[in-house]
Amino acid sequence: MKLKKKEQQIELLRTDSLYTSARVESQQTKLDKQDAERNMFLVAGALLILMIGSVTYAFLQIRRRNKLISAQKKKVEQQKRIIETKSKDITDSIRYAEGIQKSILPTVKQVKRMLPDSFIWFKPKDIVSGDFYWVAENNDKVYFAVCDCTGHGVPGSLMSVVGTYLLNEAVNIKGISHPADIFEEVRRELKISLKQEGLEGEQRDGMDAVLCAWDKNNKLEFAVAYNPLFHIRNGELMETKPDKQPVGFHNIEEKPYAHHELTLEKGDTIYLFSDGYVDQFGGPREKKFMMKNFKKLLLSIQDKTMNEQKDILETTMAEWKGSTEQVDDILVMGLQF
Numbered sequence: 484m485k486l487k488k489k490e491q492q493i494e495l496l497r498t499d500s501l502y503t504s505a506r507v508e509s510q511q512t513k514l515d516k517q518d519a520e521r522n523m524f525l526v527a528g529a530l531l532i533l534m535i536g537s538v539t540y541a542f543l544q545i546r547r548r549n550k551l552i553s554a555q556k557k558k559v560e561q562q563k564r565i566i567e568t569k570s571k572d573i574t575d576s577i578r579y580a581e582g583i584q585k586s587i588l589p590t591v592k593q594v595k596r597m598l599p600d601s602f603i604w605f606k607p608k609d610i611v612s613g614d615f616y617w618v619a620e621n622n623d624k625v626y627f628a629v630c631d632c633t634g635h636g637v638p639g640s641l642m643s644v645v646g647t648y649l650l651n652e653a654v655n656i657k658g659i660s661h662p663a664d665i666f667e668e669v670r671r672e673l674k675i676s677l678k679q680e681g682l683e684g685e686q687r688d689g690m691d692a693v694l695c696a697w698d699k700n701n702k703l704e705f706a707v708a709y710n711p712l713f714h715i716r717n718g719e720l721m722e723t724k725p726d727k728q729p730v731g732f733h734n735i736e737e738k739p740y741a742h743h744e745l746t747l748e749k750g751d752t753i754y755l756f757s758d759g760y761v762d763q764f765g766g767p768r769e770k771k772f773m774m775k776n777f778k779k780l781l782l783s784i785q786d787k788t789m790n791e792q793k794d795i796l797e798t799t800m801a802e803w804k805g806s807t808e809q810v811d812d813i814l815v816m817g818l819q820f
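Each residue of the sequence shown is one higher than the last, beginning at 484 in the numbering used here.
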């Protein structure tokens, strides 16, 4: 009896122990689940905080970058306004210089008075030009020249002012009459004015030029420095080759300029020009116009008036050049006697 009772107590204790173990296990499972959920929330919270931090950082970086870009854009716009203002000031100054250069050049009326049957086609590359033409009258002679100074634009235009002054001085003040002698005097004065002594590093400025003197007896005296003179008579073009030296300092030993003269006949045509026309790129292959084509063109328009010839030269060059940039100043002078 006692043994049976004891066994029952042991069974109750075992049952109670199992129940307690089950409860403990259930509670542990619950705690583990809670821990897992808590850990999941912690990880999710950490990820959320990280995401918020990343987004916030990115936003701040973008805002900082936008501020920087805005500041840079503002600075660029400010610099652009400064450049535009300076550019306008420079352009205005060059426009003013253009007015001065035009005032130095003979007017069409002056040229026509001294050279009635003539034309001048003058097309600067920039606003002002290193090419210039010159016409004067002294001692029963009419002097005319086409000159191509070193450079173009502003530097060339400054040289053109010096060249014009020295030609006027040689003919109108010093009374030098022969073109070759005039070139000698202009070269001498130009070297003095520009302090050209042949030293290394100094400016070698000067001009390529053709200068003619025409008297009432239809005698034409002329000198040619680096640019030729064309004379057309009865459909034949005769070219006077130039001296291979400019009017100005020359690296090679300087020589006297050659004196040329011819007696003009009725219907003779004379052409003076700079190298801008023949050196212009254009055509289907973007090549230079070249001297041979220029000669052919001049021969083909001999039955035209001087004004018509000028128009043809201008139209031909416009068609040849097309949209190609003009490479140099262009100057052509034609005269018929």
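Every residue, glycine too, gets a C-beta built ideally from N, C-alpha and C.
Extent of the continuous beta strand (DSSP E) to which residue i belongs
| i | result |
| --- | --- |
| Gly-689 | 689–698 |
| Phe-756 | 752–756 |
| Thr-723 | 719–723 |
| Phe-455 | The first residue shown for the chain is 484 and the last is 820, placing residue 455 beyond what the model contains. |
Span separating the alpha-carbon of residue i from that of residue j
| i | j | result |
| --- | --- | --- |
| Asp-600 | Gln-561 | 55 Å |
| Leu-495 | Gln-517 | 32 Å |
| Tyr-648 | Ser-806 | 36 Å |
| Gly-646 | Asp-758 | 18 Å |
| Leu-780 | Asn-734 | 35 Å |
| Asn-450 | Thr-788 | Residue 450 is absent from the structure shown; the chain starts at 484 and stops at 820. |
| Asp-631 | Arg-546 | 59 Å |
| Arg-687 | Trp-617 | 22 Å |
| Gly-718 | Asn-621 | 32 Å |
| Asp-786 | Pro-638 | 39 Å |
| Thr-512 | Arg-548 | 52 Å |
| Pro-725 | Val-559 | 53 Å |
| Arg-578 | Lys-569 | 14 Å |
| Lys-624 | Leu-703 | 10 Å |
| Lys-727 | Ile-552 | 59 Å |
| Ile-603 | Pro-662 | 20 Å |
| Lys-657 | Gly-613 | 25 Å |
| Ile-532 | Gln-544 | 18 Å |
| Asn-522 | Phe-542 | 29 Å |
| Ser-537 | Thr-574 | 53 Å |
| Asp-572 | Lys-585 | 20 Å |
| Val-591 | Met-816 | 12 Å |
| Gly-689 | Lys-557 | 46 Å |
Cross-strand partners of residue i (DSSP beta bridge)
| i | result |
| --- | --- |
| Trp-604 | Val-815 |
| Trp-617 | Ala-628 |
| Leu-745 | Leu-703 |
| Val-730 | Met-690 |
| Ala-708 | Ala-692, Asp-726 |
| Lys-770 | Gly-765 |
From the options, residue whose alpha carbon lies closest to that of residue i
| i | options | result |
| --- | --- | --- |
| Arg-756 | Leu-818, Pro-589, Arg-548 | This sequence places Phe at residue 756; Arg is not what is there. The candidate whose alpha carbon is nearest that of Phe-756 is Leu-818. |
| Ala-628 | Lys-771, Ala-741, Ala-692 | Ala-692 |
| Leu-712 | Lys-678, Asp-698, Tyr-754 | Tyr-754 |
| Lys-595 | Gly-582, Ala-619, Thr-574, Lys-702 | Ala-619 |
| Ala-696 | Ile-656, Ser-640, Tyr-626, Lys-557 | Tyr-626 |
| Leu-720 | Ile-603, Asn-701, Asp-751, Asn-700 | Asp-751 |
| Ile-433 | Leu-650, Tyr-740, Lys-571, Ile-565 | Any answer about residue 433 is impossible in this case: the structure gives the chain only from 484 up to 820. |
| Asn-701 | Asn-776, Gly-634, Leu-598, Lys-556 | Leu-598 |
| Ile-583 | Leu-694, Thr-633, Leu-641, Lys-489 | Leu-641 |
| Ser-783 | Ile-715, Pro-739, Phe-820, Met-773 | Ile-715 |
| Lys-760 | Thr-798, Ala-741, Lys-738 | Correcting the residue type first, residue 760 is Tyr in the shown sequence and not Lys. Nearest option by C-alpha distance: Thr-798. |
Start-to-end residues for the alpha helix (DSSP H) that takes in residue i
| i | result |
| --- | --- |
| Gly-646 | 636–651 |
| Arg-670 | 662–676 |
| Thr-798 | 789–804 |
*Does the region 806–815 come close enough to the region 608–626 to have 3 or more Cβ pairs within less than 8 Å?*
Of all C-beta pairs linking the region 806–815 to the region 608–626, three or more are shorter than 8 Å, placing the two stretches in contact.
*asked:* With three or more C-beta pairs closer than 8 Å as the rule, is the region 759–773 touching the region 786–804?
replied: yes
*Determine, using beta-carbon pairs with one atom in the region 667–683 and one in the region 721–733, whether at least three such pairs fall under 8 Å.*
In this structure the region 667–683 touches the region 721–733; the number of beta carbon pairs closer than 8 Å is three or more.
*Three or more beta-carbon pairs under 8 Å between the region 793–802 and the region 743–752, yes or no?*
As far as the Cβ criterion goes, the region 793–802 does not touch the region 743–752, which means the pair count is below three.
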